[in-house]
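Following: one structure in C-alpha cells, then a few remarks.
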Amino acid sequence: MATENKNLSEYDKNTIPNAKDFRFGIVVSEWNDTITEGLYNGAFDALVDCNVPAQQIIRWNVPGSFELIYGAKKMLQTQNVDAVIVIGCVIQGETKHFDFVCEGVTQGIKDLNVQTDIPVIFCVLTDNTMQQSIDRSGGIHGNKGTEAAIAAIKMAYIRQQASMSHPFHQPLLSSGALQIEDSPRKIENE
Numbered sequence: 001m002a003t004e005n006k007n008l009s010e011y012d013k014n015t016i017p018n019a020k021d022f023r024f025g026i027v028v029s030e031w032n033d034t035i036t037e038g039l040y041n042g043a044f045d046a047l048v049d050c051n052v053p054a055q056q057i058i059r060w061n062v063p064g065s066f067e068l069i070y071g072a073k074k075m076l077q078t079q080n081v082d083a084v085i086v087i088g089c090v091i092q093g094e095t096k097h098f099d100f101v102c103e104g105v106t107q108g109i110k111d112l113n114v115q116t117d118i119p120v121i122f123c124v125l126t127d128n129t130m131q132q133s134i135d136r137s138g139g140i141h142g143n144k145g146t147e148a149a150i151a152a153i154k155m156a157y158i159r160q161q162a163s164m165s166h167p168f169h170q171p172l173l174s175s176g177a178l179q180i181e182d183s184p185r186k187i188e189n190e
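Numbering-wise (UniProt numbering), the sequence shown opens with residue 1 and increments by one.
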C-alpha cells in the first residue's frame, strides 16, 4: 500500500509557504460521512495550523462523491478561492458501481484542473474496506485530509507565483518560500 510506513498527517511547516492570505474551498461528500468528516477535520486543522484564518475556509456539502465535481465547479465559478479540496470516500462493494464512481470522479477532477486556473485537490479515498478508510481519515496511517490541505497550500502558492512577472525556482528557502528571482535569468549565448 502507498500509505504503508507513512503517516499522512506529518508535514514540515518549514517547507510550506505562508498561507495567511489564501482562501480555500472544501467540498465534502455526505456519503460515508464518518470518514469524510474525519478527512475534513484533518484538512481544516492543517490549513489553520498553516496560518489560514478560519473565515477564509469555505465548506460546501454535496450528497455523494460523484457530486464533488459539480460542487467544485460551482465553487470555482462563484467563490474567490485560491484552491479547492474535494473530499469523498468510495468503498468497494459487490458491483461495478465502485469502478464507475471512482473513474468518473477522478476524470472529472482532472478535467477541472485542465479547464480552470485554480487547483482542485483530490482527497477521495477509494478503499477496499471501511477499515482502510478509517485508517486513512485519522487512524493508524494519519489523515489524507491533512495531506490534501498541504498540497492545496503548495499549489495555491505555485499559482500565485506563476501569475507574477518574476520567475521562481526550487528549492524552498528555510522559511518555506520558493526562491524568487528579481529579474529573469539571462540565457547564455544570446
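All C-beta atoms in this analysis are idealised placements derived from N, C-alpha and C, irrespective of residue type, glycine included.
Inset, instruction - Hey, could you find the ends of the beta strand (DSSP E) residue 21 is sitting in? - result: Counting along the chain, residue 21 falls outside any beta strand (DSSP E), and DSSP gives it neither H nor E.
Inset, instruction - Just the C-alpha distance for residue 160 and residue 23, rounded to the nearest angstrom, thanks. - result: 12 Å
Inset, instruction - Please confirm whether residue 9 and residue 142 have their CB atoms less than 7 Å apart. - result: yes
Inset, instruction - Output the distance between the C-alpha atoms of residue 86 and residue 126, rounded to the nearest integer angstrom. - result: 13 Å
Inset, instruction - Would you kindly report the start and end of the unbroken alpha helix (DSSP H) that includes residue 159? - result: 144 to 162
Legend entry - the region 92 to 104 in contact with the region 27 to 39 per 3-pair CB rule at 8 Å: no
Legend entry - Bridge-paired residues (DSSP) for residue 88: 124
Inset, instruction - Below 7 Å CB to CB, which residues in the same chain sit around residue 71 once its five sequence neighbours on both sides are set aside? - result: 27, 60 and 62
Inset, instruction - Could you check the C-alpha separation between residue 78 and residue 112 for me, to the nearest Å? - result: 14 Å
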